[in-house]
Amino acid sequence: MATGTIALPDERTVIASAPRRAPRILRVARHNPLGTVGLFLVLSFILVGTVGPIVAPYDPQEVDVDVQLQGPSLEHPMGTNGLGQDVFSRVLAGARLSLVIGAAAVGIGVLGGSLIGIISGYYGGLIDSVIQRTGEAGAAFPGLILYLTLIAAIGRGQDTIIIGIAITALIGGSRVLRSMTLVIKTSAFVEAARAAGATERRILVTHIIPNVAPIVIVIASGALGAAVLAEAALSFLGIGVEPGTPSWGIDLQGRNVEDAKVGNWYLIAFPGIALSLVVLGFNLLGDTLRDVLDPRLRGSIR
Amino acid sequence: MWRFVVRRLAFIPIIALAIGTVTFVLLRVLPGDFATKVCGQECTEERLAELRHELGVDKPIFPISIQSEPPFFHLNSDDQYTDWLQDVVTGDMGTSLWGGQDVVEEITRRLPASFEIMFLTLLFSSIIGISVGILSAVMRNSPLDYAARTFAVFGQSVPDFFLLTLLIVIPSMLWNYASPAGGYVSIFDDPWTNLRLFVPPTLILSVGNAVGLMRLVRSTMLEVLRSDYVRTANAKGLHPRSVVIRHAFRNTLAPVITVLSFTLATAFSGSLILERVMGIDGLGNYFFQSVYIGDLPVVQFTVIYTALIVVTLNLLQDISYAYLDPRVRYQ
Amino acid sequence: MALVYDRFLKQRLSRRRLLGAAGGTAIGAAGIALVGCGSSGGETPSNGSTPDANETPTIGGIYRTRQANAFPSLSPFGATALASSLVFGFITYDHLWYVPIDTGEYELMLASNLEVSEPDGQEVIATLNPSVFHDKAPVNGRAVEGQDVVDSWLAFRDDPFGLGREWLKSIMDVLEAPTTDTVRITQKEPWAWMFGTAGAGSPASSNILPRETLDMPDLLRDDIIGSGRFFLESHRGGENLKFRAHPNWRIPGEPWLGGTDLVFITDYSQTEAQFRAGGIDNITFQNKLQADQMLDQLGDDKITITGDLDRAYHCLMLKTTVQPFDDPRVRKAIRLAINREEMIQLVERDPAGGVLSCIVPPAQKLYALEEDDADFQEYVRHDEEEARSLLEQANFDFDKEFTILISSPNEELAERAQVLKQQLERVNIKTKIEQQDLLSVWVPRVLIQADYEMTLFTHLAYEDPYLPLAFYTSFSPIGPSDPAKGRNSMIFFDDDVDAAVNAASAELELEPRIEKVKAAQKVIMEKEGPMINLYASVNFTGRHNWLKGVITGRGSYGLFNGRTWIDTAMRGS
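Protein chains in written order, with the working numbering: chain A, 579 to 880; chain B, 44 to 374; chain C, 2 to 574.
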């Protein structure tokens with residue numbers, strides 16, 4: 579179940595193959611209808627997150643006594659909540675929040691993690707052992723305590739969530755990248771390059787990096803979906819963003835649930851569906867990317 | 044093989060110590076120390092100092108502290124870290140700062156509930172995941188297969204806290220049904236109530252967990268079914284079902300174990316949401332509350348204990364993997 | 002006899018004032034609501050009645066109600082005691098007397114008789130009814146003696162974590178037990194509020210414990226031994242407490258209930274589900290919409306819904322040492338920026354969901370200012386223009402962002418804070434909201450140490466105006482103590498306010514005291530007291546019709562009458 583933990587392909591299930599050329603987009607799209615749907619959802623999410631709050635009809639935090647708990651209508655396409663806030667505007671703003679947090683966290687985490695993983699895998703030796711064992715320990719560390727420690731140290735808010743998720747992504751990403759690097763390092767053409775006299779640095783740049791790049795993309799897409807879910811889960815538990823901030827997680831708990839039970843189903847339906855669609859999109863996209871870039875990975879756990 | 048195992052085993056206490064120390068340090072640099080919290084109305088500087096002394100937090104943290112004059116470090120005769128190490132070695136995990144109860148007792152009290160959640164989740168995930176995965180692979184591209192795969196994709200996307208809320212709201216509105224309140228009841232005391240409390244939420248959540256497993260089983264099985272030795276078995280005229288069970292299934296075990304152990308490890312923290320929404324007092328909830336209020340001994344102990352479990356599970360997984368797939372051993 | 006107290010405690014609420022209450026709700030009554038929490042066990046709705054002449058009560062039914070929070074400790078002492086005391090302070094412990102919040106006349110409990118010195122009631126001698134403690138080791142059901150009362154109260158006085166022990170510490174003078182069945186109390190000065198919750202009638206600090214248990218902290222933490230109507234039979238780690246009727250309760254034949262079960266339910270949806278299924282006997286709704294829906298679903302032959310004006314009231318507290326809250330113009334601006342009606346409508350989902358509150362909350366009908374009082378009108382006035390201009394005049398720093406602290410978990414409070422934030426934003430005051438766990442963070446940090454800038458919270462349900470006034474004085478029950486100036490949680494010290502409040506407390510005649518309380522309120526308002534009172538909610542509660550015998554207007558003390566009962570035939574269990 580979508581639990582809000584970053585779940586990345588475990589290093590063990592990464593089975594390397596020879597590098598592939600980027601396939602033709604259209605053929606790919608036709609063969610992978612689900613992936614196309616996923617791509618469409620992800621792009622929509624990015625679009626809505628970027629542009630949405632600008633075109634939102636109302637301020638998502640502004641309260642309005644006159645329009646409390648109204649069902650979907652022309653003026654309020656998704657209805658209004660108990661404080662008179664427009665649900666549609668809140669969903670749009672929630673998209674932006676998720677996008678910003680997700681992109682920042684995953685950007686930092688996956689990029690940083692990949693770098694660490696590549697270095698660790700490539701250079702091996704003591705550095706590798708240290709990093710790998712630290713990574714295992716880090717993965718065993720309950721994310722919650724790390725996160726709550728962060729809150730105590732730097733306060734609650736968006737930045738804290740970003741850092742918290744980034745650290746988790748970093749640890750996971752580094753482990754996967756490390757094993758990928760290991761495999762490529764020992765492959766035939768790298769040996770050939772070395773025999774031909776290429777420097778280590780050149781090998782790194784021209785062989786290793788281009789071949790792990792697709793994996794990084796796959797991981798990033800999976801991590802982004804998980805990051806969106808993580809923010810929602812944390813806000814749901816009450817340790818995420820400030821109360822009142824338009825966030826899908828916040829809108830799925832608290833008084834909205836009470837009001838929903840009295841008949842205002844739209845209060846939780848729309849944020850819940852939005853969240854599910856976004857995660858779905860990332861899942862589908864991630865699956866297809868994996869299939870396309872390396873079919874031997876098909877079916878590995880999320 | 045044994046050297047492999049022993050090497051990995053040796054790492055466990057090291058990791059435990061590392062994690063313990065990191066937690067130890069992290070918790071002590073937290074602002075808002077416990078002494079001020081419990082100081083109360085008549086709080087004076089002396090009282091605060093007294094409390095800190097009682098709690099043992101006025102001592103230096105490490106046995107060695109840095110100072111600015113030569114020789115730039117000095118040894119402390121009495122420090123918190125050594126105290127803590129001594130406690131760990133003698134098995135004294137301390138008492139909760141908040142209510143004074145013994146930490147080990149509190150955790151033991153909540154173990155059955157958490158264990159049951161983990162067990163049921165694992166059970167349902169495995170049953171659903173493996174059986175649907177096998178069926179789906181064997182009846183490839185049938186309507187069942189498509190239905191399962193579509194459901195799988197959707198199932199992984201819906202947030203579990205959302206589903207759990209619906210699980211409470213919908214039966215209540217439609218049938219006036221409520222899951223039994225009043226917290227945990229042991230399965231030995233009242234099996235029906237216990238199952239009524241645990242089964243619906245774990246079942247719902249397992250469906251999501253099962254999805255990953257299902258897809259893995261399906262794909263691995265598909266690969267195996269295409270492989271040479273299975274084709275040979277079929278050519279020999281073996282009944283298809285026995286081919287599946289005796290040959291294909293065994294070889295799908297390796298990745299399955301990976302998934303299962305992964306599920307088990309996350310079941311511990313993943314159960315937090317389930318516990319909070321369903322009102323079950325288990326380890327997840329206890330841990331969350333303790334960190335939230337800064338109850339150091341509880342958090343310390345729980346973190347180490349969790350880490351140990353995860354690391355041990357990793358080790359078991361590695362061992363079973365090495366056992367099942369000889370190629371791995373020689374890595 | 003106790004003429005002095007008879008005169009000034011008779012707060013017979015006149016019918017005229019009652020029916021003026023908003024929404025035609027029932028007689029001013031309250032549930033005891035924990036600060037920041039909803040109902041928390043032991044709460045019964047009013048609007049019940051004693052059995053009809055032709056109805057025979059069934060004895061022995063078990064009353065089941067919700068417990069929202071676990072008790073880390075059952076001890077009536079210590080940092081966590083407040084929660085537990087309020088929930089079962091009157092169930093398991095006995096008290097000398099009690100002043101029901103609806104009649105305002107003291108009722109004798111353990112005390113069978115009071116001798117009060119005239120003319121100013123500074124000495125009270127109470128004779129005790131024969132009574133025994135619960136039969137548990139090491140007490141084993143022995144008789145309650147005067148010395149138990151004395152030692153218990155002194156232990157409360159000396160408890161460093163106790164909130165609201167001012168009467169015990171500063172007013173009470175002599176406390177002794179001249180014989181095994183009498184207790185003598187003298188006060189240092191004439192004090193009108195002795196019998197109330199701020200004095201010797203507090204459920205938190207007038208419990209009578211067996212004196213040998215007073216220095217057994219382990220026992221106190223895990224068990225409760227008192228002499229009240231019910232004894233604690235079992236609990237699981239501070240949850241799911243089960244109480245059963247005391248077989249040797251001093252009133253034979255009572256209590257009619259066989260016991261009480263606190264059913265631990267953290268989640269509100271679960272609570273509603275349990276109530277629907279009959280798993281608990283009563284429920285406090287979060288708003289009127291839910292009450293209406295429940296009534297629709299179950300029908301009024303099955304349940305009864307009542308709306309009561311809560312004695313608890315909501316307020317915004319500002320710390321005066323935080324710039325620029327020391328400037329009365331800024332405080333006034335904030336007061337003007339708040340639109341109470343909008344807040345009530347939004348948070349309570351219904352304009353009838355709340356009643357405007359001045360310094361003394363509206364449920365205290367005698368002492369609260371009338372709504373048409375000019376100063377009241379001024380206090381609750383809403384004027385954004387004037388607020389903005391006042392802020393300009395005071396050179397308010399519009400770039401600064403203030404933090405509003407609220408306790409969690411509490412969803413209405415979170416919404417109220419959001420509305421407040423929006424209203425302040427309309428006058429360009431920037432704020433952000435931060436939640437803190439109620440018992441472990443908010444109470445010690447905000448209430449006790451005053452570590453906050455702004456905080457929004459809900460006061461407890463006081464039954465006399467002493468505490469609502471005392472918060473503004475240098476003898477406030479909470480807050481850090483300044484050796485030179487006194488104690489105040491807003492670091493606000495004003496001699497005029499102190500004088501006015503003291504004058505009211507020293508006035509033993511009823512009518513003049515009412516005038517003095519009103520005058521004190523006006524002084525506070527004039528000085529722009531840094532605690533701005535917002536409104537009091539109307540609580541909607543529901544109970545199954547098989548819960549009978551509840552006394553009107555007793556709130557959580559409704560069980561306390563001994564004659565509540567469960568119609569087990571109707572409930573089926």
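A virtual CB, placed ideally from N, CA and C, is assigned to each residue, including glycine.
Starting from residue i, follow the alpha helix (DSSP H) in both directions and report where the run begins and ends.
{"i": "D327 of chain C", "result": "It is not in any alpha helix (DSSP H) - D327 of chain C carries neither H nor E in the DSSP assignment."}
{"i": "I749 of chain A", "result": "Q736 to K763"}
{"i": "S390 of chain C", "result": "E385 to Q394"}
Give a yes or no on whether the minimum CB-CB distance between residue i and chain A is below 8 Å.
{"i": "T208 of chain B", "result": "yes"}
{"i": "I58 of chain B", "result": "yes"}
{"i": "Q144 of chain B", "result": "no"}
{"i": "Y335 of chain B", "result": "yes"}
{"i": "K320 of chain C", "result": "no"}
{"i": "K431 of chain C", "result": "no"}
{"i": "L347 of chain C", "result": "yes"}
How far does the beta strand (DSSP E) with residue i in it reach, from first residue to last?
{"i": "T66 of chain C", "result": "I63 to Q68"}
{"i": "K243 of chain C", "result": "E240 to A246"}
{"i": "T188 of chain C", "result": "The question names Thr, yet the displayed sequence has Gln at residue 188 of chain C. Start and end: T183 to Q188."}
{"i": "N252 of chain B", "result": "First-last for N252 of chain B: P234 to R269, but that is the alpha helix (DSSP H), not the beta strand (DSSP E)."}
Starting from the Cα of residue i, find the closest Cα among the options and give me that residue.
{"i": "F1 of chain C", "options": "C:A505, C:F399, C:L509 and C:L470", "result": "Chain C is shown from 2 up to 574; residue 1 of chain C falls before or after that span and cannot be answered."}
{"i": "V420 of chain C", "options": "C:V88, C:G147 and C:N340", "result": "C:N340"}
{"i": "H117 of chain B", "options": "B:Y124, B:G325, B:F105 and B:W127", "result": "B:F105"}
{"i": "V212 of chain B", "options": "C:T565, C:K519 and C:Q271", "result": "C:Q271"}
{"i": "S314 of chain B", "options": "B:T64, B:L217 and B:S157", "result": "B:S157"}
{"i": "T432 of chain C", "options": "C:H247, C:I335 and C:Q188", "result": "C:I335"}
{"i": "V620 of chain A", "options": "A:N842, A:V761, A:G649 and A:V806", "result": "A:V806"}
{"i": "S235 of chain C", "options": "C:S153, C:M217, C:E255 and C:D262", "result": "C:D262"}
{"i": "P283 of chain B", "options": "B:L178, B:F241 and B:Y329", "result": "B:L178"}
{"i": "D452 of chain C", "options": "C:F458, C:W443 and C:S86", "result": "C:W443"}
{"i": "T321 of chain C", "options": "C:I492, C:A505 and C:K422", "result": "C:I492"}
{"i": "M173 of chain C", "options": "C:A193, C:P179, C:T181 and C:P161", "result": "C:A193"}
Return yes when the Cβ of residue j is within less than 8 Å of the Cβ of residue i, no when it is not.
{"i": "R67 of chain C", "j": "I284 of chain C", "result": "yes"}
{"i": "I160 of chain B", "j": "Y227 of chain B", "result": "no"}
{"i": "G254 of chain C", "j": "I63 of chain C", "result": "no"}
{"i": "I632 of chain A", "j": "L677 of chain A", "result": "no"}
Determine whether the Cβ of residue i lies closer than 8 Å to any Cβ atom of chain B.
{"i": "S270 of chain C", "result": "yes"}
{"i": "Q275 of chain C", "result": "yes"}
{"i": "A395 of chain C", "result": "no"}
{"i": "N861 of chain A", "result": "yes"}
{"i": "I266 of chain C", "result": "yes"}
{"i": "E714 of chain A", "result": "yes"}
For residue i, decide whether its Cβ has a neighbour in chain C, counting only Cβ atoms nearer than 8 Å.
{"i": "G322 of chain B", "result": "yes"}
{"i": "P821 of chain A", "result": "yes"}
{"i": "Y348 of chain B", "result": "no"}
{"i": "V212 of chain B", "result": "yes"}
{"i": "Q374 of chain B", "result": "Note that Q374 of chain B scores 46 on pLDDT, short of 50, meaning its location in the model is unreliable; the coordinates nonetheless yield the value given after this. No, because no Cβ of chain C sits closer than 8 Å to the Cβ of Q374 of chain B."}
Against chain F, does residue i count as a neighbour if the rule is that its beta carbon must be under 8 Å from one of theirs?
{"i": "S200 of chain B", "result": "Given the protein chain composition of this structure (A, B and C), no chain F is represented."}
Spell out a yes or no on whether the region 231-240 of chain C and the region 519-534 of chain C are touching, meaning 3 or more CB-CB pairs, one atom from each, closer than 8 Å. Cβ pair count under 8 Å is below three, so no.
Kindly confirm or deny that the region 612-619 of chain A and the region 853-861 of chain A touch, where touching means at least three C-beta pairs closer than 8 Å. Segments in contact, yes.
Could you check whether the region 249-267 of chain B touches the region 168-183 of chain B, counting it as contact only if at least three pairs of C-beta atoms, one from each stretch, sit closer than 8 Å? The region 249-267 of chain B vs the region 168-183 of chain B: in contact.
Determine, using beta-carbon pairs with one atom in the region 706-715 of chain A and one in the region 336-348 of chain B, whether at least three such pairs fall under 8 Å. No: fewer than three Cβ pairs fall under 8 Å.
Would you call the region 680-693 of chain A in contact with the region 750-764 of chain A, where contact means no fewer than 3 C-beta pairs closer than 8 Å? Segments in contact, yes.
The region 196-215 of chain B in contact with the region 834-854 of chain A per 3-pair CB rule at 8 Å: Contact between the region 196-215 of chain B and the region 834-854 of chain A is present, with at least three C-beta pairs closer than 8 Å.
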